[in-house]
Amino acid sequence: GKAPRSPLQNSNYDASFIAGMLQLIYVYSMPVERIVKYFTENGFELNKATAHGLIKKSAGLMDRLDDVLHTAILEDDYLCMDESYHTILTKEKNKDGKGVRKGYIWASLANTKKLVQYFYENGSRSREVLTNYIGNHYKGAIQSDGLINYKILETDTYPDVIRLACFQHCKRQFLDLANDKEAIGIVNIINRLYQAEHKIDPKWKPDKILEHRQEYAPPILAELKSKLLEIQSNPSTLPKSPLSKAVNYTLNEYDALCNYIVRPDYALDNNAVERCMRSISLSRKNSLFCGSHAGAKRTALLYSLSISCKLHNINSFEYFTDILNRLAYISPTAPDQIYRDLLPDKWTKL
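With my numbering as the guide, the letters of the sequence shown map in order to residues 76 to 425.
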């Protein structure tokens, strides 16, 4: 019999047109309203409702990719995680009488596979969003900032997880105290770790990198802790001062900060996933809001694919055009592997 028609085939727009629209939205963070205006100014009739409908239908075609991406991410034994807010339109009014709220979009970057997944659970930033995502059986390292919700990864609840902290998050707090000699002293100690890392030759094998780290890092890390404790115990350090808060934050993260030396590919900071989160920040400034919780989930999925393309130097226009055409004829009951081969790290253009 005939192959089933996709929702996109019921419209007058082909996959390349829709892929171009997705590229404008998720690569250049151009809001739908601006895209509609852009098309109108160039003599092409496209109304806002049609544009939103096409995005919704295309995201619906890609739903299975979201589940397969989740599985692929959790197969990687080194993840970086972060979260950032977006403004969400809601039916409920806030205390100011406006139908908007702050909703958090999370990101999980698989360092080895170079895949990133953004995920959204009704805007929550709670610990359950994290634990629901990684499940009970993840084995590997997870790098994050010092948000309290990540601390569960250091408990017996996750015996097979090693948590890595972020030196940049610690360093920034001291950089904000530029006129404080004690703070600058801590910054200088952290900088010595980075300076030692910069001595690593790209040609070095993993064993040599690990040997180098385990030689230079312990004395610097010990000096860092000693200096932090010295500042903390100094009577002149007021308990509620910015310096005290920076010191306490770093001491609370100290054990997780030290964990980077146990493997040659672990990073000193969480910058890799923070770079991915810049797309959410840019969207927040340009698009201003997501139209609903469902819209935020679609945004998360489409950004996952778009930014994963970027990590693999793939032209996202070509990628979306190709997979939209393929997904139109893939049965919903097809094996996961068929969808797995469409993720950016395995995708090849037909």
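The C-beta atom is built at its ideal place from N, Cα and C for all residues, glycine as well. Every value quoted in this text rests on a predicted model; they were computed, and no experiment measured them.
Secondary structure note for L285: its alpha helix (DSSP H) is the uninterrupted segment 281-308.
For the pair Y324 and I306, the Cα-to-Cα distance works out to about 13 Å. When rounded, the separation of the alpha-carbon atoms in D138 and Y291 is 47 Å. Leaving aside the five residues that flank E229 on each side, the residues in its chain whose CB is nearer than 7 Å to its CB run, in chain order, R238, A331. Secondary structure at D157: strand, using DSSP grouped into helix, strand and coil. Its Cα nearest to that of I355, the residue I382 stands out among L222, S133, K280, I382. Secondary-structure assignment with DSSP links T162 through a beta bridge to K177. Boundaries of the alpha helix (DSSP H) harbouring Y414: 411-415, taken from the DSSP string. With a 10 Å radius around the Cβ and a threshold of 16 neighbouring Cβ atoms, K246 comes out buried. By the criterion of at least three beta-carbon pairs nearer than 8 Å, the stretch 191-207 is not in contact with the stretch 293-302.
The beta carbon of L144 sits closer than 7 Å to those of L190, Q192, S379, L418, all from its chain and outside the five residues before and after it, given in chain order. Y341 has its alpha-carbon roughly 32 Å from the corresponding atom of S316. Assigned with DSSP and collapsed to three states, R338 falls in coil, not helix or strand. Secondary structure at S219: coil, using DSSP grouped into helix, strand and coil. Under the three-state reduction of DSSP output, R200 falls in the coil class, being neither helix nor strand. Linking K188 to Y153 through their CA atoms gives a straight-line distance of about 9 Å. In this structure the stretch 150-167 touches the stretch 214-228; the number of beta carbon pairs closer than 8 Å is three or more.
Taking 8 Å as the upper bound for CB-CB distance, L164 and S391 are not in contact here, some 26 Å apart. A Cβ-Cβ separation of about 5 Å places P339 in contact with L285 under the 8 Å criterion.
Residue range 368-386 is occupied by the alpha helix (DSSP H) that includes Y378. Around the beta carbon of T146, fewer than 16 other beta carbons lie within 10 angstroms, which makes this residue exposed. Closest option to E298, judged by alpha-carbon separation, among I264, F242, L326, R350: I264. For A182, DSSP records a beta bridge to D157, Y193.
Taking each of L136, R350, E108 in turn and checking the Cα distance to L402, the smallest one comes out for L136. According to the DSSP secondary-structure assignment, L332 is paired through a beta bridge with no residue. Following the DSSP letters along the chain, one finds I130 inside the alpha helix (DSSP H) bounded by residues 123-136. Judged by their CB atoms, A126 and I148 are not nearer to each other than the 8 Å cut-off. Here the alpha carbon of N309 sits roughly 26 Å from the alpha carbon of L222. According to the DSSP assignment, L239 belongs to the beta strand (DSSP E) that extends over 236-239. Nearest C-alpha to Q248 among V262, D235, L97: V262.
Counting only residues of its own chain and dropping the five nearest sequence neighbours on each side, A371 has a CB closer than 8 Å to the CB of H161, I163, G178, I180, Y195, G198, C365. A residue is called buried when at least 16 other Cβ atoms come within 10 angstroms of its Cβ; D141 meets this threshold and is buried. In this structure, the beta-carbon distance from A134 to L357 does not fall below 8 Å. Pairing D420 with F395, the inter-Cα distance amounts to about 14 Å.
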